[in-house]
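Chemist: Going left to right, the sequence shown walks through residues 0 to 429 as this note's numbering numbers them.
C-beta atoms are modelled at their ideal positions from N, C-alpha and C, and glycine is treated no differently.
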Amino acid sequence: MKSSRKIVAQWLLVLLLAGCNGINSRPVQQSLACDPDNGGITLPEGFCALVVADNVGRARHIVVRDNGDIYVALMRLQNGHGIAALRDTSGDGRADIVAYFGDVPGTGIDIRDGYLYFAPDTALLRYRLVEGELLPQEPPELVVGGLPERGQHAAKTFAFDEAGYVYINIGAPSNACQSRDRQRGVPGMDPCPLLERYGGIWRFRTDVLGQRQDDGLRYATGIRNAVAIAWNPFADALYVVQHGRDQLDTLWPEYFDAEDNANLPAEEFFRVDEGDDFGWPYCYYDPIQNKKVLAPEYGGDGQTVGRCDQFEDPIVAYPAHWAPNDLIFYDGTQFPERYRGGAFIAFHGSWNRAPLPQAGYNVVFQPMNADGTPAGDWEVFADGFAGTDQIRSTGDAKHRPMGLAVGPDGSLYISDSVRGRIWRVIYRGS
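So this is what it looks like as structure tokens:
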């Protein structure tokens, strides 16, 4: 959470820059021109959007510096580099400088204590940021290295707490821990050996370089893959949204049909405390029955609870296969008060609902109480990214929301993994 002194300093800087550029010194969002079509997306009344940049590369997570510079993690090298850096020098909200650096692609990215942290699939790196410079002037330092990756769910994402720790998601390279993955009728390994190195959250120190996985603490387990991860500064706790398992109908047709598979299991929103176990791969959450049930790989039939009563339940269950890929808690002051402390979640969109249409491809808002519990039903905040109402496969989507960030003025930034578009969402008022 920003201190009042820091917020005052930021607004003084905004006003000073406005005067130097000869523009009106009203709040910065009022001086920007949104796109007539909001860059192709739909938003609630009172909000609008402009496209900051397009075609920057296949964007993953995103972060905005206090001076407004934007850094984007890329899933593939662009111009030989894995990070895009964007700067607006004219004050119109659009990036007129786009530069690249870094030798590897990755997913997680954030700024902490003067460093840009970046996570390729096997490590956590940090670059020292120099005041006034868009690009780092030195090679990165290795914070954590040798993290495991075996194809599926290799992307590493992370979140910082307020006590000097960083939490890294290490996704499981598996659907349900079968001895032969994604094969019809094959039982799951019990206990699942993948949980020793995968399928959970590991905690590391931020003030120690050259750490390995064994230097960290396995903070929580039983999480299949949590690309969406964030520290909630209002509740002082870690939260993630899990990617649920796939293919119930094709792997276990004796229990599930295509409609069952399209609606099961939920994408689960967890509050994560030290020592928690959320039950993957043994269990999944059924949003229709509102309970965790035993996975068929472990003797389940879609109804049996069995051992699943010992694992943590989600605080919210979202529709199946929407693919939650980023999570932030809104700590800005530009949006109306009801948004402060609430969660925004970017859903990348499904692939595993066929023959039914795919779904997701949106950003939702989840109201939250100050104690970190849900404060009501979630709602779609930004939509229309896919550019079509009927999505049969992921290739039909024009854009897929991937990363989220809050800017220094409280604007919400959204990145797209298909064409590398960056939106800036602004509140104008009614």
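What I want to know is whether the C-beta of P252 ends up closer than 7 angstroms to one or more non-hydrogen atoms of the ligand MG.
Modeler: The ligand MG is not part of the structure shown, which contains no ligands of any sort.
Chemist: Quick check: the Cα distance between L411 and D91, rounded to an integer number of angstroms?
Modeler: 16 angstroms
Chemist: What is the DSSP secondary structure of P26, reduced to helix, strand or coil?
Modeler: Here P26 scores only 44 on pLDDT, less than 50, and its place in the model should not be relied on; the value that follows carries that caveat. DSSP, reduced to helix, strand and coil, places P26 outside both helices and strands of the structure shown, so it counts as coil.
Chemist: Compute the Euclidean distance between the alpha carbons of R418 and G298, then round it to the nearest angstrom.
Modeler: 43 angstroms
Chemist: Using only CA atoms, which one of L49, L31, A322, P43 lies nearest to N37?
Modeler: Of L49, L31, A322, P43, the residue nearest in Cα terms is L49.
Chemist: Assign S178 to buried or exposed, taking buried as 16 or more other Cβ atoms, counted over all protein chains shown, within 10 Å of its Cβ.
Modeler: It is exposed - the Cβ of S178 has fewer than 16 other Cβ atoms within 10 Å.
Chemist: Q288: which of D272, F269, D276, P264 sits nearest, CA to CA?
Modeler: P264
Chemist: Run through DSSP, which three-state label would P138 get?
Modeler: coil
Chemist: Hey, out of F117, P139, G184, whose CA is closest to Y166's CA?
Modeler: F117
Chemist: What does the Cβ neighbour count give for D206, buried or exposed, with the cut at 16 atoms within 10 Å?
Modeler: exposed
Chemist: When DSSP labels each residue in this structure, what does L263 get in the three-state scheme?
Modeler: Three-state DSSP puts L263 in coil, outside helix and strand.
Chemist: Could you tell me the alpha carbon to alpha carbon distance between A58 and L76, rounded to whole angstroms?
Modeler: 10 angstroms
Chemist: Looking only at its chain, what residues have a beta carbon closer than 8 angstroms to the beta carbon of F157, apart from the 5 residues adjacent to it on each side?
Modeler: Taken in chain order, the residues that qualify are G107, D109, Y116, A118, L123, V165, Y166, I167, N168, I228.
Chemist: Can you check which of these residues, T121, V143, L141, R111, is closest to L128 by C-alpha distance?
Modeler: R111
Chemist: Taking the alpha carbon of S392 as the reference point, which residue from Q357, D102, R399, G67 has its own alpha carbon closest?
Modeler: For S392, the nearest C-alpha among the options comes from Q357.
Chemist: Can you give the beta carbon distance from A385 to D395, rounded, assuming they're within the 8 angstroms contact cut?
Modeler: About 7 angstroms separates the two Cβ atoms, so the contact holds.
Chemist: Pick helix, strand or coil for Q212, following the three-state DSSP scheme.
Modeler: In the structure shown, Q212 sits in a helix (DSSP, three-state: H, G or I).
Chemist: Whole-angstrom Cβ separation of V379 and P323, contact assumed at under 8 angstroms?
Modeler: At roughly 14 angstroms, the Cβ-Cβ gap does not stay under 8 angstroms, so V379 and P323 are not in contact.
Chemist: With H, G and I counted as helix, E and B as strand and the rest as coil, what does DSSP make of T332?
Modeler: Judged by DSSP in its simplified three-state form, T332 adopts coil rather than helix or strand.
Chemist: Report the three-state DSSP secondary structure of D248 (helix, strand or coil).
Modeler: helix
Chemist: Quick check on L237: does DSSP put it in helix, strand or coil?
Modeler: strand
Chemist: Return the residue from the list L208, A171, H242 that minimises the CA-CA distance to G198.
Modeler: A171
Chemist: In the DSSP assignment, find the unbroken beta strand (DSSP E) run with V50 in it and report its ends.
Modeler: 46 to 52
Chemist: What residue does the beta strand (DSSP E) around Q365 start on, and which one ends it?
Modeler: 361 to 365
Chemist: Just grab the DSSP bridge partners of R183 for me.
Modeler: BP columns for R183 are empty, so no partner.
Chemist: For T220, is the classification buried or exposed, using 16 other Cβ atoms within 10 angstroms of its Cβ as the cut-off for buried?
Modeler: Result: buried.
Chemist: Please classify A158: does DSSP put it in a helix, a strand, or coil?
Modeler: strand
Chemist: What's the C-alpha gap between N174 and A32?
Modeler: 45 angstroms
Chemist: Among I61, L237, R399, which one has its Cα closest to the Cα of V387?
Modeler: With the sequence shown as reference, residue 387 is identified as Thr, and Val is not the correct amino acid for it. For T387, the nearest C-alpha among the options comes from R399.
Chemist: Suppose the cutoff is 8 angstroms on Cβ atoms and the five residues either side in sequence are ignored; what does the same chain contact list for P135 look like?
Modeler: F100, L115, Y126, R127, L128, V129
Chemist: Considering D109, what are the terminal residues of the beta strand (DSSP E) in which it resides?
Modeler: 107 to 111
Chemist: Give the DSSP bridge partners of R59, in chain order.
Modeler: In the DSSP output, where bridge partners are listed per residue, R59 has none listed.
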